[in-house]
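In this note's numbering, the protein residues as written are 7 to 611.
Cβ atoms here follow ideal geometry from the backbone N, Cα and C, with glycine treated the same way.
Taking it in order: structure first as structure tokens, then the write-up.
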């Protein structure tokens with residue numbers, strides 16, 4: 007029988023502390039010491055979750071509070087005014103995926119460690135016989151007793167022990183309460199190797215070993231299956247992953263305090279120089295860009311393993327990673343890693359163009375009136391390959407036929423600007439038999455109604471097709487499909503019914519200030535308020551001359567400034583314009599814990 011030493015220690019600690027507060031048989035007249043009023047732990051899914059932890063108690067009505075997860079995955083919540091048992095929910099993103107993971111704690115856990123991971127989520131779900139989210143939302147946590155938590159933890163730990171042993175963990179490990187760091191060692195190394203998915207319809211969870219792709223099924227409604235996960239190849243796979251992570255660590259070290267030169271030998275040695283490609287750019291173009299951007303100073307990477315191919319003797323790998331710097335998260339990427347002459351080298355995403363779909367919401371129109379929500383489709387032919395149009399397909403998109411060779415219509419975007427970026431066809435119309443839009447819109451945002459958004463699941467995958475029309479836009483039969491890529495959105499777009507003006511930052515710089523800055527140049531302090539739960543990301547200023555309906559403006563200037571996550575102001579500087587200014591404005595970008603973008607447009611004139 008496994009003795010839960012973590013729970014035992016916390017229970018004894020609680021008893022001793024309460025006894026210390028008593029005199030004989032007289033009940034304590036003061037509350038427990040401050041050290042007993044918090045619950046702390048690590049929120050991780052193979053890398054620290056970028057987001058928040060919310061705790062909900064058992065009082066009526068229930069109380070809840072949330073804290074931001076630190077960069078190392080740690081959280082601490084004061085529970086002095088809450089009633090046990092508790093449930094915790096970690097919301098956020100890891101490696102381009104959105105997560106809402108759950109955990110639970112009793113009075114015996116106060117003052118101790120309780121983690122929030124995919125494994126603690128399963129522990130709660132196995133106790134309840136349903137997905138953990140349902141328990142949290144219903145608010146009845148009476149089943150989350152110390153005995154139930156210990157029993158469910160022991161059962162899950164036994165099924166995973168081959169993986170746990172491979173990373174050096176004994177069978178006494180407590181998946182719920184063990185203190186660990188999100189540093190790819192110990193329990194965190196096990197989380198690197200295990201991919202957990204839960205089907206809310208069948209109430210079945212799948213636990214996959216990402217090294218050898220073997221998996222076991224956890225039926226939440228039954229504890230009969232005790233199949234143990236296969237750990238074949240894990241030790242060798244861990245060695246490969248450690249070598250891959252070392253490349254990212256070396257990258258960070260080169261940018262720790264300054265920008266290296268683009269031809270720095272140590273920097274070049276990290277890359278597969280012959281085969282590297284990132285959104286259509288060569289290695290030289292990529293390095294030229296990142297080594298001249300001061301926002302990359304101090305960059306860090308949280309890397310998660312997606313696959314090793316082939317599993318028994320891998321020569322290629324895919325990893326997802328989050329970049330972060332002093333200002334917060336700066337990128338979510340998925341890259342190929344190639345093993346060349348026994349050495350793992352970074353190869354970029356291997357795409358011939360940027361092709362990314364993401365959730366967005368915008369408060370726009372003249373001086374911030376209209377609110378819309380949907381999908382942003384960022385298609386840019388960075389390599390100048392002559393890509394003529396793109397078609398995006400997936401949940402919420404038009405499904406009627408009419409595309410090339412009778413394929414699903416999807417949404418058409420056309421390459422119409424001087425920088426090879428793509429804009430939606432007229433009114434975001436479906437692809438209906440031509441590759442030339444009669445009117446192209448100057449943006450890449452596809453607004454959706456709530457019925458369409460309701461079809462979109464979290465972590466949905468969209469297909470982006472890149473086409474060349476062979477100079478005959480009206481003849482689809484001779485078009486050439488150049489590439490097709492998958493793009494994952496971490497969290498479904500906001501429903502229109504979920505949004506109001508209060509959901510967005512508010513720019514407090516005046517229209518008159520923006521107009522004066524546009525026409526004369528100089529300095530402008532952009533100021534805004536930031537709603538709780540949002541992080542500031544970027545401020546963009548634009549000014550332009552006369553614009554046509556069919557394409558870009560004849561003359562334009564813009565400034566982009568990344569800002570700290572907590573920033574509410576920034577200083578912009580620009581020279582006097584060389585053209586007659588016809589329009590100007592500020593675009594402010596923020597994001598929520600799932601990485602969904604919220605944009606505010608504010609026009610000067």
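Task: residue 104 to residue 562 span [Cα, whole Å] - done: The residue labelled residue 104 in the question sits at position 98 within the chain shown. The residue labelled residue 562 in the question sits at position 556 within the chain shown. So the two alpha carbons sit approximately 37 Å from each other.
Task: Span of the beta strand (DSSP E), counted from its first residue to its last, around residue 566 - done: For this step, residue 566 is matched to residue 560 along the chain shown. Element bounds for residue 566: 562-568.
Task: Terminal residues of the beta strand (DSSP E) in which residue 535 lies - done: By 1-based counting over the chain shown, the position of residue 535 is 529. Its beta strand (DSSP E) spans residues 528-535.
Open item on the list: In this structure, how does DSSP classify residue 165 when only helix, strand and coil are distinguished?
Closed with: In the chain shown, counting from the first residue as 1, residue 165 sits at position 159. In this structure, residue 165 counts as helix in the three-state DSSP scheme.
Open item on the list: Going by DSSP in three states, residue 120 sits in which element: helix, strand or coil?
Closed with: In the chain shown, the residue the question calls residue 120 occupies position 114. Three-state result, residue 120: coil.
Task: Rounded straight-line distance, which links the Cα of residue 195 to that of residue 376 - done: Taking the first residue of the chain shown as position 1, residue 376 is located at position 370. Taking the first residue of the chain shown as position 1, residue 195 is located at position 189. If you take the alpha carbons of residue 376 and residue 195, they lie about 47 Å apart.
Open item on the list: Checking the sheet assignment: what are the DSSP bridge partners for residue 99?
Closed with: Counting from one through the chain shown, the residue named residue 99 turns up at place 93. Residue 99 pairs with 56, 104.
Task: Proximity below 7 Å, CB of residue 571 to CB of residue 526 - done: Along the chain shown, read from residue 1 onward, the residue named residue 571 stands at position 565. Along the chain shown, read from residue 1 onward, the residue named residue 526 stands at position 520. In this structure, residue 526 does not lie closer than 7 Å to residue 571 by Cβ.
TODO: Between the Cα of residue 230 and those of 220, 165, 193, 279, spot the shortest distance and give me the residue it belongs to.
DONE: Locating residue 230 in the chain shown gives position 224, counting from the first residue. That would be 165, whose Cα lies nearest to the Cα of residue 230.
Task: Reference residue 144; option with closest CA among 134, 152, 528 - done: Translated into positions along the chain shown, residue 144 becomes position 138. With distances taken between Cα atoms, residue 144 lies closest to 134.
TODO: Give me whichever residues DSSP pairs with residue 430 in a beta bridge.
DONE: Your numbering for residue 430 matches position 424 in the chain shown. Note: residue 430 sits in a beta bridge opposite 419.
Task: At least 3 beta-carbon pairs within less than 8 Å: the segment 518-533 vs the segment 119-137 - done: no
Task: Best match in 606, 47, 608, 51 for proximity to residue 326 [C-alpha to C-alpha] - done: For this step, residue 326 is matched to residue 320 along the chain shown. Considering only alpha carbons, the answer is 51.
Open item on the list: Using the three-state DSSP reduction, which class does residue 143 fall into: helix, strand or coil?
Closed with: For the purposes of this step, residue 143 is taken as the residue at position 137 of the chain shown. If DSSP states are grouped into helix, strand and coil, residue 143 belongs with the helices.
Open item on the list: Quick check: the Cα distance between residue 278 and residue 292, rounded to an integer number of angstroms?
Closed with: One-based indexing of the chain shown puts residue 278 at position 272. One-based indexing of the chain shown puts residue 292 at position 286. Each residue's alpha carbon lies about 13 Å from the other.
TODO: Could you tell me the boundaries of the alpha helix (DSSP H) in which residue 240 lies?
DONE: Along the chain shown, read from residue 1 onward, the residue named residue 240 stands at position 234. Here the alpha helix (DSSP H) through residue 240 covers 240-260.
- [ ] Give the secondary structure of residue 523 by DSSP, where H, G and I count as helix, E and B as strand, and everything else as coil.
- [x] On the chain shown, residue 523 is found 517 positions in, with the first residue counted as 1. Correct three-state label for residue 523: helix.
Task: Start and end residues, beta strand (DSSP E) containing residue 289 - done: Residue mapping note: residue 289 aligns to position 283 of the chain shown, counting from 1. Premise fails: residue 289 lies in the alpha helix (DSSP H), 289-296, not in any beta strand (DSSP E).
Task: Bridge partners - residue 345, DSSP secondary structure assignment - done: The residue given as residue 345 occupies position 339 in the chain shown. Its beta-bridge partners are 350.
- [ ] Assign residue 218 to buried or exposed, taking buried as 16 or more other Cβ atoms, counted over all protein chains shown, within 10 Å of its Cβ.
- [x] One-based indexing of the chain shown puts residue 218 at position 212. Residue 218 comes out buried.
Task: Helix, strand or coil at residue 378 according to DSSP, with G and I counted as helix - done: Here residue 378 refers to the residue found at position 372 when the chain shown is read from its first residue. Three-state result, residue 378: strand.
Open item on the list: Whether or not the segment 476-492 and the segment 581-600 are in contact is what I'm after, with contact meaning three or more pairs of Cβ atoms, one per stretch, closer than 8 Å; do they touch?
Closed with: no
Open item on the list: Distance check for residue 507 and residue 481, CA to CA, integer angstroms please.
Closed with: Translated into positions along the chain shown, residue 481 becomes position 475. Translated into positions along the chain shown, residue 507 becomes position 501. Those two C-alpha atoms are separated by around 45 Å.
TODO: Hey, could you find the ends of the beta strand (DSSP E) residue 607 is sitting in?
DONE: On the chain shown, position 601 is the one that residue 607 refers to. Note, residue 607: beta strand (DSSP E), 603-609.
Task: Cβ pair residue 5, residue 138 closer than 7 Å - done: Residue 5 lies beyond the range of the chain shown here (7 to 611); nothing can be said about it.
Open item on the list: Rounding to the nearest angstrom, what Cα-Cα distance links residue 392 and residue 295 in this structure?
Closed with: Along the chain shown, read from residue 1 onward, the residue named residue 392 stands at position 386. Along the chain shown, read from residue 1 onward, the residue named residue 295 stands at position 289. Distance between the alpha carbons of residue 392 and residue 295 is about 22 Å.
Open item on the list: So, does the segment 298-316 touch the segment 84-104, judging by three or more C-beta pairs under 8 Å?
Closed with: yes
Task: Nearest neighbour of residue 348, chosen from 470, 332, 357, 245 [CA to CA] - done: Against the chain shown, residue 348 aligns to sequence position 342. Nearest C-alpha to residue 348: 245.
TODO: Pair every Cβ in the segment 385-402 with every Cβ in the segment 279-290, then say whether three or more of these pairs are closer than 8 Å.
DONE: yes
Task: Beta-carbon proximity check, residue 416 vs residue 399, cutoff 7 Å - done: Residue 416 sits at position 410 when you count from the first residue of the chain shown. Residue 399 sits at position 393 when you count from the first residue of the chain shown. Yes, the Cβ-Cβ distance between residue 416 and residue 399 is below 7 Å.
- [ ] State the start and end residues of the unbroken alpha helix (DSSP H) segment that holds residue 177.
- [x] Looking up residue 177 in the chain shown gives position 171. Neither: residue 177 is in no alpha helix (DSSP H) and is coded neither H nor E.
Task: Those residues which DSSP pairs with residue 47 across a bridge - done: Here residue 47 refers to the residue found at position 41 when the chain shown is read from its first residue. According to DSSP, which records beta bridges pairwise, residue 47 is partnered with 81.
Task: Cβ-Cβ distance between residue 200 and residue 226 below 7 Å - done: Taking the first residue of the chain shown as position 1, residue 200 is located at position 194. Taking the first residue of the chain shown as position 1, residue 226 is located at position 220. It is not a contact, given that the beta carbons lie outside the stated cut-off.
Task: Inter-residue spacing [alpha-carbon to alpha-carbon] between residue 261 and residue 267 - done: Translated into positions along the chain shown, residue 261 becomes position 255. Translated into positions along the chain shown, residue 267 becomes position 261. Using only the alpha carbons, I get a separation of about 10 Å.
Open item on the list: Looking at the secondary structure, which residues open and close the beta strand (DSSP E) in which residue 367 lies?
Closed with: Along the chain shown, one-based indexing puts residue 367 at 361. It spans 360-370 - the beta strand (DSSP E) in which residue 367 sits, taken as one unbroken run.
Task: Reduced DSSP secondary structure (H/G/I, E/B, other) of residue 613 - done: The chain is shown only over 7 to 611; residue 613 falls outside these bounds and no answer can be derived.
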